[in-house]
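Colleague: Quick one: structure below, then a few questions.
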Amino acid sequence: MQAASAVEQSVADVIARFLVSQGVKRVYGLCGGHIMPIWMRLDAHGIRLIDVRDERAAVYMAHAEAELTNGLGVALVTAGPGVTNAITGIANAHVARASVLVLSGTSPTAQENRGGLQDIDHTAMVSSITRYARTVRHPALVLQELNEAVSRALGHGADSGPVYLDFPVDTLRSGVAQAVQMPEFFLQHEAPISSPSPQSVKAAVELLWNAKRPLFISGRGARKAGPALQHLLSLLGAVYLDTGESKGLVPEDHPSVVAAMRGQVMSQADVVITLGRKLDFQLAYGSPAVFGDAQFLRLADNAAELRDNRRGAVELLADVNQSLLAIIEAGKGRQAATDKAWAAGLREQHLARADKLQQSMRQAPAGSDGLMHPNRLLSALRDALPANSVVVADGGDFLSFTRVGLPASTYLDPGSLGCIGVGTPFGVAASLVHPDKTVVVATGDGAFGFNAMEIDTAVRHQAPVLIVVANNGSWAIEVRDQQETHGKVVGTRLQFSDYAGMAKSFGMHAQRVEREEDLAQAIQVAMQNRPALLDVLVTPEAASSDAKSGLAWVPDLQALAAWDDAERQWREKQSSEK
């Protein structure tokens, strides 16, 4: 055993003090011998340890913390299986560009590569899905490596994303010389804010103010640019589409919001402005088959969100908020050429569709099995939740209903990796970050199963989350695809399991709801007794928009069947004209 003075100057202690200096309040993890020195020093320095039931959930929770605080989320996982369990969470953070620091331990250096317990090359496994991955063997390098890793995670100089550091156990127990514990390493460093070039701003203004049908689409890179974006939208009279990455950035009552007209506006716009948003499968890769002859104006603070799939007629590689402010200043006094009738018509149609959706949700018919439509559940939640609620949507089929039917000013979902199962871990972390807000997880039953054991974590840590399971006893999108494509259902039906009974066994308030007339009261009681779970039986017969889109079929050229057809026709037309 180490003497108290040695422990207080150990690598493990330095790691804990560094995290405190960076404002870290919680670390999500699952304990193990290879990380025990860090674990105990975190506790000694007052960092709250949220111990989970699976390492994947620890990384998911750190991911949610990073997204909701615009800061750093930290996960601590043990060696070997601890790291391999965490890899799905790391991969999801990688695709989502979430600022997550994952820490682990390795075999003592004298046992390295000798077949020791849980001795495996972690960094080789995670290097392709992290911004930085290192094994730190020398105590003198710990602060240098921590600083580099955190700067990379936060996107200081490149795109943000997960980073990984591990330490041999004997290194964690070793002392760190006072000489290398320089104060500069314990400072919080602000992200550099880059400004756009005057030439690119001028070109952007010319493009925007001459556009007849400008469409703005925002992503995670625009999250700090809400007021500037709203101002520019109003100046131009442009229209706007949100994405899951930035839902709530522009409020629903802003006259530029035309979310219900997504397909139509994407095909009609003559200038498309992406703000910190990749042109991935959710945006048809920016293809002319969907966007027609539109020109692109691309704004991002990193190359990954600036030039993927389509180059912009104008590109601004700079802080998105600074770019928007510069454009607003340079465009002062100019008259925008936006077709006001076009924009107003889209807004009118959007409002009509949104109102029709709300009405149809309230009146959605039950299935032939007598079970309620998922939209009846979402309508009841919509009526009950406060405006500032945090909504976490999870699932495949049910996510498709929730994405449209449950508005939110703060919103998280599985993201473009399609990483279903994040719901409960995201919700636990969200309720710890925002204990003053109502946090609801709206999840399908299949997705809930991935991390259902984290309801135990919610109870033990009194995380005030409401988990609502839409229980349709199936992987509904796949069932429908199998029925329509193959004429046979194979391995895609589940039980109508008693998730409320499971939650009760962990001491959580829970109720199974089978009738629509019981929903409103069940929701109110659950909200007053969080953490809580509602197990709501819904019909598997309801077809979501994703189930109808061909998404499960995975078309060759585009994610959706309609876009795939359009892409094929466009390519054939281009070939025939040459």
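Numbering (my numbering), first residue to last: 312 to 889.
Every residue, glycine too, gets a C-beta built ideally from N, C-alpha and C.
(1) Is Q880 buried or exposed, if buried means 16 or more other CB atoms sit within 10 Å of its CB?
(2) Terminal residues of the continuous beta strand (DSSP E) containing Y891?
(3) Taking 8 Å as the cut-off, decide whether the C-beta atoms of R826 and A811 are in contact.
(4) DSSP three-state label for H772, please.
(5) Using only the alpha-carbon positions, how far apart do A522 and L608 sit?
(6) For the stretch 333-345 against the stretch 712-725, do three or more pairs of beta-carbon atoms, one drawn from each stretch, fall closer than 8 Å, so that the two count as touching?
(7) Anyone know if the C-beta pair for R687 and A695 falls short of 8 Å?
(8) Mind checking which residues open and close the beta strand (DSSP E) that includes E517?
(9) For P525, which three-state DSSP category applies?
(10) Is the number of C-beta pairs between the stretch 748-755 and the stretch 771-785 that are closer than 8 Å three or more?
(11) With 16 as the cutoff for other CB atoms within 10 Å, does H558 come out buried or exposed?
(12) By DSSP, does S785 sit in helix, in strand, or in coil?
(13) In chain order, what residues of the same chain lie with their CB nearer than 7 Å to the CB of A624, ignoring the 5 residues before and after it?
(14) Using alpha carbons as the reference points, say which of R463, H356, M813, A611 lies closest to K336.
(15) Could you work out which residue in V325, Q869, G574, S742 is closest to E456 when comparing CA atoms only?
(16) Return the chain-ordered ranges of every alpha helix (DSSP H) run that is complete within the stretch 782-842 and spans a minimum of 4 residues.
(17) Could you tell me the alpha carbon to alpha carbon distance between A377 and D756, rounded to whole angstroms?
(18) Among N782, D477, I349, D432, which one has its Cα closest to the Cα of Q320?
(19) What do you reckon, are the CB atoms on V300 and F817 nearer than 8 Å?
(20) Please report how far the alpha carbon of S598 lies from the alpha carbon of D354, in whole angstroms.
(21) Going by beta carbon distance, what residues of the same chain come within less than 7 Å of L483, once the five residues before and after it are set aside?
(22) Report yes if the C-beta distance between L526 and L552 is below 8 Å; otherwise report no.
(23) E883 to L871, Cα distance in whole Å?
(24) By the 10 Å Cβ neighbour count, where 16 or more other Cβ atoms means buried, how is P473 classified, buried or exposed?
(25) Taking 8 Å as the threshold, find out whether the stretch 503-520 comes into contact with the stretch 624-641 through three or more Cβ pairs.
(26) Would you list the residues sitting across from G344 in a DSSP beta bridge?
(27) Hey, how far is the Cα of A663 from the Cα of V702?
(28) Relative to the C-alpha of G426, which candidate in H449, A373, G391 has its C-alpha closest?
(29) Less than 6 Å between C-beta atoms, sequence neighbours within five positions excluded: which residues of the same chain meet that for N403?
(30) Thinking C-alpha only, which one of W874, L540, Q885, N632 is nearest A595?
(31) How far does the alpha helix (DSSP H) with F496 in it extend, from its first residue to its last?
(32) Are the Cβ atoms of L848 and M819 separated by less than 8 Å?
(33) According to DSSP, is T749 part of a helix, a strand, or is it coil?
(34) Classify G574 as helix, strand or coil using the three-state DSSP reduction.
(35) Determine, using beta-carbon pairs with one atom in the stretch 478-494 and one in the stretch 363-374, whether at least three such pairs fall under 8 Å.
(36) Determine the contact status of L668 and G706, defining contact as a CB-CB distance below 8 Å.
Modeller: Let's see:
(1) Counting Cβ neighbours within 10 Å, Q880 comes out exposed, since fewer than 16 surround it.
(2) Nothing about residue 891 can be read from this structure; the chain reaches only from 312 to 889.
(3) The Cβ atoms of R826 and A811 lie no closer than 8 Å to each other.
(4) Coil, per DSSP.
(5) Each residue's Cα considered, the two are about 11 Å apart.
(6) No, because fewer than three Cβ pairs between the stretch 333-345 and the stretch 712-725 fall closer than 8 Å, the two stretches do not touch.
(7) It is not a contact, given that the beta carbons lie outside the stated cut-off.
(8) Run containing E517: none in the beta strand (DSSP E); it sits in the alpha helix (DSSP H), 509-520.
(9) DSSP places P525 in strand when its eight states are reduced to three.
(10) Counting Cβ pairs under 8 Å, three or more are found: they touch.
(11) The residue asked about is misnamed: residue 558 is Lys in this sequence, not His. Burial call: buried.
(12) Correct three-state label for S785: strand.
(13) Residues of the same chain with a CB within less than 7 Å of the CB of A624, apart from the 5 flanking positions on each side, are L518, Q606, F607, L608 in chain order.
(14) The candidate whose alpha carbon is nearest that of K336 is H356.
(15) Among V325, Q869, G574, S742, the Cα nearest to that of E456 is on V325.
(16) Qualifying alpha helix (DSSP H) stretches, in chain order: 787-792, 810-816, 830-838.
(17) A377 and D756: Cα-Cα distance of roughly 26 Å.
(18) Q320 has its Cα closest to that of I349, out of N782, D477, I349, D432.
(19) Here the chain has residues from 312 to 889 only, and residue 300 is not among them.
(20) If I take the Cα positions, the gap works out to 52 Å.
(21) Result list for L483: S321, V322, A323, P348, I349, G416, in chain order.
(22) Taking 8 Å as the Cβ cut-off, L526 and L552 qualify as a contacting pair.
(23) Rounded to the nearest angstrom, the two C-alpha atoms are 18 Å apart.
(24) So P473 ends up on the buried side.
(25) Three or more Cβ pairs drawn from the stretch 503-520 and the stretch 624-641 lie within less than 8 Å of each other, which places the two stretches in contact.
(26) Note: G344 sits in no beta bridge, so no partner.
(27) Straight across, the Cα-Cα distance linking A663 with V702 is about 24 Å.
(28) Measuring from the Cα of G426, the nearest candidate turns out to be G391.
(29) Once the five neighbours on either side are set aside, the close Cβ partners of N403 are L728, C730.
(30) Taking only the C-alpha atoms, the option nearest A595 is W874.
(31) Under the DSSP assignment, F496 falls outside any alpha helix (DSSP H); it carries neither an H nor an E label.
(32) No, they are not a contact pair.
(33) Collapsing the DSSP output to three states places T749 in coil.
(34) Three-state result, G574: helix.
(35) Below 8 Å, too few C-beta pairs join the stretch 478-494 and the stretch 363-374 to call them touching: fewer than three.
(36) Cβ distance not < 8 Å, so L668 and G706 don't count as in contact.
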